[in-house]
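Working notes for the structure below.
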Amino acid sequence: VCGAEDRTRAEQLMKETSVLQAWNLIDFPLEPPEKQLANYPYVKLLLDAMKHSGCAVNKERHFSCEDCNGNVSGGFDASTSQIVLCQNNIRNQAHMSRVVTHELIHAFDHCRAHVHWFSNVRHLACSEVRAANLSGDCSLVNEIFRLRFGLKQHHQTCVRDRAILSILAVRNISKEVAEKAVDEVFESCFNDHEPFGRIPHNEKYARYAHRDFQNRDRYYSNI
């Protein structure tokens, strides 16, 4: 963690240039996306899957760090195929990891399917269900911090609630419309675990999923 002088310098740099450039110049407390991408099993799997699908990710091209309104932590801009990281709202390294993973799931969906993000709320709802389900956002640890745990089918409830909140954060629609869209697609999208092949409840399961993906890729390449 940098000292007070370095932190002040970091803040000034972020005002003058992108957070990615600031990260490259000083030892800022949060790891830059390029280092994050190399270390986090959720992200490693998603990057491999996107490359395998013909949508290789380049950190300079596909990441943008910006100040965002409200409490939004990140987003996927389908018009530019860019992941936006909200540098003013990302609190710590664990939060950064979840945001990058969540948005990469949207990017993966954009790569593999004809998603109509702006004209079909059910398409958006499906991707938000998948992102909440597979990113670790509804892990037991995160839910304990939210003081929400112990309910029957709690993971499903968390995924539904988080998906609805995500839709409302990016679309000017009523809560009832968002709930209806999520409920209509929930079963099929909750059970779509690609590219993980399972729900990665924690980093250990994400590492297993990454290993299985690599083995699956090698198997098909030899057919």
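Numbering (the numbering used here), first residue to last: 2 to 224.
We treat Cβ as the ideally placed atom computed from N, Cα and C, and that holds for glycine.
Item                                                                                        : Value
Residue interval of the beta strand (DSSP E) (run including residue 66)                     : 64-67
Inter-residue spacing [alpha-carbon to alpha-carbon] between residue 108 and residue 129    : 11 Å
Three-state secondary structure assigned by DSSP to residue 193                             : coil
Presumed contact (8 Å Cβ cut-off) between residue 137 and residue 102, rounded CB distance  : 7 Å
Beta-carbon spacing of residue 126, residue 183 below 9 Å                                   : yes
Under the three-state DSSP convention, the category residue 84 falls into                   : strand
Range of the contiguous beta strand (DSSP E) that encloses residue 119                      : Unbroken run through residue 119: none, as it is neither H nor E.
Any 3 or more C-beta pairs closer than 8 Å across the stretch 63-80 and the stretch 201-217 : no
Cβ-Cβ separation, residue 191 to residue 157 (assumed contact under 8 Å), whole Å           : 7 Å
Backbone CA spacing between residue 45 and residue 133 [nearest angstrom]                   : 18 Å
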